[in-house]
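Pasting the structure below:
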């Protein structure tokens, strides 16, 4: 795939871009974001604490109270409560982020932490139940279908690939909506993501197929919103070696009349090696693409599973 200028807007905690906005004047620069993902993502940075007027440097804050609805207070003086400031900033900032296709948060932050953020009790000990940063909670509540992740979790190859797959899916959906949603275009979009869905969530793959079976009898916009909400929820489920192997075997079936016996054996052997964890996913996918280049199939050519994102992101090399 030819490299293109990054046009996919993804939100990010400012400190991950190397901006010195943390409470101590430092940053948490992520080379994964700036050196790899930035090839295709146009990052839109936000520091809620700076945006809320807390300054740099500033006294650190932490979450206290109910983990489901915590307050953000100064660590050294719990009487200094900045929750309203952070929430007011969030309300101003969120309308400016509606064109995002994803968001990467900094972990453990009382404003930006997405998972397992400590929430403290009155006795100073953390609750058993963790919470979520004030800004992260506001954003995920306002945009529940937006792909979100934390920088630390993106070091996991499976989680990174899953996140990027969802970002590109949302980007492609927004392109479809910009063209104008019709029943025919919705059906084609589903056909494109058929095998991606099968790899992530076989049950939802079947249900969404049934949902679109009578697409012509529904208002495209209403059906489209229901369909895409279900698609994004299904893609949150991580693909496994078993589900990917099932998809690879389905795709191989389209070549049964075209390949020579030796080629069929080689393809089957590579798929089996992938299933056993001997080779990464990129190996059978590359071989399938090679065979389909020799024996084109219009239906398979459009499949997002074979190229859900640009090759040079190398996300399948470690799966």
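In the numbering used here, the protein residues as written are 42 to 360.
All C-beta atoms in this analysis are idealised placements derived from N, C-alpha and C, irrespective of residue type, glycine included.
Quick caveat: nothing in here was measured; it's all calculated off a predicted structure.
Inset, instruction - Quick one: residues in its chain with C-beta nearer than 8 Å to the C-beta of residue 342, no 5 flanking neighbours on either side, listed in chain order? - result: If you ignore the 5 residues before and after residue 342, its C-beta comes within less than 8 Å of the C-beta of 333, all in its own chain and listed in chain order.
Inset, instruction - At 4 residues or longer, and completely inside the stretch 65 to 93: list those alpha helix (DSSP H) runs for me, N to C. - result: 89 to 92, all fully within the stretch 65 to 93.
Legend entry - Backbone CA spacing between residue 319 and residue 61 [nearest angstrom]: Computed Cα separation, rounded: 43 Å.
Legend entry - Alpha-carbon spacing of residue 331 relative to residue 167, whole angstroms: Near 54 Å, if we compare the C-alpha coordinates of residue 167 and residue 331.
Legend entry - Touching by the beta-carbon criterion (3+ pairs, under 8 Å), the stretch 236 to 245 and the stretch 270 to 284: In short, these stretches touch, since the Cβ pair count reaches three.
Legend entry - Nearest-angstrom Cα separation, counted from residue 66 out to residue 82: The straight-line gap from Cα to Cα measures roughly 26 Å.
Inset, instruction - Pull up the DSSP beta-bridge partners for residue 53, would you. - result: Looking at the DSSP assignment, residue 53 forms a beta bridge with 86, 145.
Legend entry - Secondary structure of residue 172, DSSP reduced to three states: Strand at residue 172.
Legend entry - Nearest neighbour of residue 258, chosen from 109, 228, 130, 175 [CA to CA]: Minimum Cα-Cα distance from residue 258 among the listed residues 109, 228, 130, 175 corresponds to 228.
Legend entry - Neighbourhood of residue 359 by C-beta distance below 7 Å, restricted to the same chain and skipping five residues each side: Closer than 7 Å at the Cβ level, and outside the excluded window around residue 359, lie 198, 321.
Inset, instruction - Measure the beta-carbon distance from residue 161 to residue 103 and round it to whole angstroms, keeping in mind my assumption that it falls under 8 Å. - result: The C-beta separation of residue 161 from residue 103 comes to about 6 Å, placing the pair in contact by the 8 Å criterion.
Inset, instruction - Identify whether residue 99 lies in helix, strand or coil by the three-state DSSP scheme. - result: The answer is coil: DSSP assigns residue 99 none of H, G, I, E or B.
Inset, instruction - Put residue 140 into one of helix, strand or coil per three-state DSSP. - result: It is coil, neither helix nor strand.
Inset, instruction - Within its chain, find whatever has a CB closer than 7 Å to the CB of residue 217; leave out the 5 residues flanking it on each side and keep chain order. - result: The answer, listed in chain order, is 226, 230.
Inset, instruction - Please go through the same chain and pick out, in chain order, the residues whose beta-carbon is closer than 6 Å to the beta-carbon of residue 126, but skip the five residues on each side of it. - result: 93, listed in sequence order.
Inset, instruction - My understanding is that residue 293 touches residue 329, with C-beta atoms under 8 Å, so please give their C-beta distance in whole angstroms. - result: Residue 329 and residue 293 do touch by the CB rule: their CB atoms are close to 7 Å apart, below 8 Å.
Legend entry - Exposed unless 16 or more other CB atoms sit within 10 angstroms - verdict on residue 179: Answer is buried; the Cβ neighbour count reaches 16.
Inset, instruction - Enumerate in chain order the residues of its own chain whose CB-to-CB distance from residue 134 is below 7 Å, with the five nearest sequence positions on each side excluded. - result: If the five residues before and after residue 134 are omitted, its C-beta is found closer than 7 Å to the C-beta atoms of 87, 92, all from its own chain and listed in chain order.
Inset, instruction - Pick out the complete alpha helix (DSSP H) segments inside the stretch 185 to 244, 4 residues or longer, and give them in chain order. - result: Qualifying alpha helix (DSSP H) stretches, in chain order: 198 to 220, 224 to 233, 235 to 241.
Inset, instruction - Take residue 307 and list the residues in its own chain whose beta-carbon comes closer than 7 Å to its own, dropping the five residues that flank it on each side. - result: Around residue 307: no qualifying Cβ.
Inset, instruction - Have a look at residue 352 and residue 80 and give me their C-alpha separation to the nearest angstrom. - result: Looking at the two C-alpha atoms, the distance is approximately 12 Å.
Legend entry - Range covered by the beta strand (DSSP E) that runs through residue 115: Counting along the chain, residue 115 sits inside the beta strand (DSSP E) bounded by residues 112 to 115.
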